[in-house]
Structures are given as structure tokens and as C-alpha cells.
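16 is the number of the first residue of the sequence shown in our numbering; add one for each residue after it.
Some notes on the structure that comes next.
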Amino acid sequence: MEQTKGTVQKARAQYSHALLNLAIYGVFCLLVIMLLFQAAGALLGTNQLSVEVKYGIQFGAMYLLGLPFYLFLSKSIPADPPEKHTLKLWQFLLIIPCLVCLMYAGNLIGVMVNGLIALLIGIHTESTVLFDKVFGESGYLMVIVAVMGAPIVEELLFRKVLIDRIRRFGNGTAILLSGFFFGMFHGNLTQFFYTMFVGLMFAFIYVRTGRVIYTILLHMTINFLGGGMPYLIHADKVIEMLRAKNVAGILTNTPFMIYMYVMLMMAVTGRVLLLLFRRRFKVDEPIEPLPEGQHRSAVFCNAGFWIMTAFCIYEFLNQIFAG
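Shown next as C-alpha cells:
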């Protein structure tokens with residue numbers, strides 16, 4: 016009995032510590048960005064910083080300063096990396112349409128939830144921040160960061176470091192927490208559902224293969240398909256046509272129509288593949304199993320979970336009222 020109680024307390028403490036580190040990382044990045052914005056404004060003699068300067072500060076704060084800080088914080092938590100397995104090329108390629116399917120499904124849910132909230136309480140929660148960044152001034156910088164930089168850092172944060180430190184008590188729980196907080200960390204309902212869905216898939220792949228390079232490459236691929244390609248084919252012009260109800264203009268935009276057709280076919284293919292291989296979504300038994308019925312207590316009854324949740328909710332509200 017005492018041993019069982021000790022295991023639950025150990026799990027609760029480890030979950031709390033790992034999630035608290037993520038929250039500290041988020042707060043650290045926000046503070047550094049604010050300080051660097053002020054320093055840059057004073058140095059340049061203006062409060063109107065260029066897009067390039069803002070991107071440089073955000074990139075430096077989150078990736079060059081924030082990531083090493085987070086890795087340092089996490090060193091004190093014991094790590095249990097998954098056993099390493101090889102992902103064959105054909106398996107890698109089949110995963111891509113599955114991710115596209117999850118991305119579109121999550122995006123559709125996000126649109127419906129945003130619409131329902133707007134209808135019920137009159138608050139528009141949809142975020143145009145991502146659209147403005149990709150198709151606004153210096154959008155190419157956003158695309159480069161989203162396709163090359165973000166996948167590396169995010170996979171290290173939410174897969175390699177986080178999962179290694181919480182999977183001891185259950186791979187399934189580690190996958191759920193990784194995917195959920197990956198979605199929450201994006202800070203808006205527009206991105207929450209699809210980032211959570213693809214995050215769950217990334218987490219599953221990492222747990223099954225033990226190789227974060229696979230999830231980094233898949234993450235880069237899905238970000239390119241979802242953000243890089245629309246930028247290259249000038250999808251912003253199509254959105255302007257949609258707002259103007261110019262259906263003929265959209266239908267005659269050959270690059271966009273080809274892109275949409277290919278993505279739709281990939282999404283349908285992904286749905287079929289997810290159904291065909293649904294029985295393969297299994298994970299190994301935990302290294303240190305918790306007593307039946309104690310997982311919820313270990314996950315939810317700890318300070319780190321709620322502090323991280325509060326930080327993410329703050330980001331959600333900040334995006335809503337800032338927009």
C-alpha cells in the first residue's frame with residue numbers, strides 16, 4: 016500500500032515538474048521578448064519596430080535563448096527515452112496524408128467552435144495572426160521560421176524532452192499530454208484543434224520510434240504543405256476573391272485549384288489509412304505502472320498541470336483581445 020502511494024506521489028511530482036518547466040519556458044520567452052522590444056526601440060529611437068526586427072527578437076527569445084534555458088531546467092528530471100526503432104520510407108510517406116487529414120479535421124472543428132462562440136456570446140475568437148504573418152510584409156521570413164525553425168524547437172520541447180520525462184508512468188498519458196499542450200501552447204482556438212491532433216500523431220510516432228528526427232521531418236513537411244505552399248501560390252489573393260464572392264476568379268486560379276485538389280485527395284487518403292491501420296495505434300506498457308484509476312489523480316492533481324493550463328489560457332485571451 017505504501018509503495019503504491021509512493022508511486023502515485025512520484026508520478027504526480029514528475030508530471031508537475033515537467034509541465035511547470037514548460038510554463039516557465041513560456042513566461043521566460045514572453046519576458047525576454049518584451050525586454051528586447053524595449054531595448055531595440057530605445058536603440059533604434061522608435062517604438063515602431065520593423066517586421067524583420069520583431070521576427071529576429073522572437074526567434075532569438077524562443078529558440079536561441081529559450082530552448083537552452085528549457086533544456087537546463089529539464090536536466091533535473093530523470094529521462095526515459097523510448098526504445099529506438101527505424102521508420103521505413105514507405106511508412107514515413109503514408110503518415111503524411113494521415114497528418115493532412117488530421118490537420119483539416121482539426122481546422123474544421125476550430126472553425127465551427129469559433130463560429131459557435133461568436134454566435135452564443137458575440138466574441139470572435141478566430142485569430143488572423145497566422146494569416147497576417149504569412150501573407151503580410153516579410154511573410155517569407157515567417158514561412159522560413161515555420162518550416163525550418165519551429166519544427167526543430169517544438170519537437171524537442173513537446174516530444175523529446177517532455178515525453179522522455181513523463182512516459183515512465185504511461186505512454187498513452189504522455190502522448191495525450193504532449194498533444195494537448197502542444198495545441199494549447201499555440202495560444203488560439205483557430206490553431207488549437209489541428210495542432211493538437213497532429214501533435215498527438217507526432218507524439219505517438221516518437222513513442223513508437225524513439226527518434227525525434229522523424230517527427231521533426233514530418234513537422235517540417237506538414238508546415239510546408241499548410242503554410243509554405245499557400246504562400247508560394249499566393250493564396251491570400253484567393254481569400255480576397257472569396258471575401259469578394261468572386262467564385263469565377265477562384266476557379267480560374269490554376270495553381271490554387273491544383274493545390275486544393277491534391278490536399279483534398281491527401282486528406283481523403285489519410286482518412287482511409289487511419290481507418291485501415293487503427294489497430295496499430297498501440298503503445299508499450301509503462302516502465303512504472305500506476306494503480307488502476309490513479310492516472311487522473313497523478314495528472315490533474317498537481318500544480319504544474321494547472322499553472323501550464325493557466326499560462327495557455329492567458330495566451331488565448333491575449334490573442335482574442337489583442338485582435
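Ideal placement from N, C-alpha and C gives every residue a C-beta, glycine not left out.
One thing to note: I248 has its Cβ within 7 Å of the Cβ of Y274. Just so you know, the alpha carbons of F315 and F107 end up roughly 34 Å apart. Assignment of N62 by DSSP, reduced to helix, strand and coil, places it in the coil class. Here H310 carries a helix assignment [DSSP, helix/strand/coil]. Counted as a single uninterrupted DSSP element, the alpha helix (DSSP H) harbouring C116 occupies residues L104 to I136. CA-CA distance, V213 to Y85, rounds to 23 Å. With distances taken between CA atoms, V277 lies nearest to I111 out of I136, A189, I111 and K297. Looking from the CA of F320, the closest CA among T188, T230 and R226 belongs to T188.
Taking the C-beta atoms as reference points, L305 is found nearer than 7 Å to F184.
Distances from the CA of F207 to each of F196, M216 and F217 were compared; the closest alpha carbon is that of F196.
Apart from sequence neighbours up to five positions away, the residues of its chain that approach A318 with a beta-carbon distance below 6 Å are S31, ordered along the chain. DSSP places E300 in the coil class of the three-state scheme, outside both helix and strand.
Around the beta carbon of T205, 16 or more other beta carbons sit within 10 angstroms, so the residue counts as buried. Judged by DSSP in its simplified three-state form, F292 adopts coil rather than helix or strand. The residue among G130, D179, Y229 and L131 with its C-alpha nearest the C-alpha of I167 is Y229.
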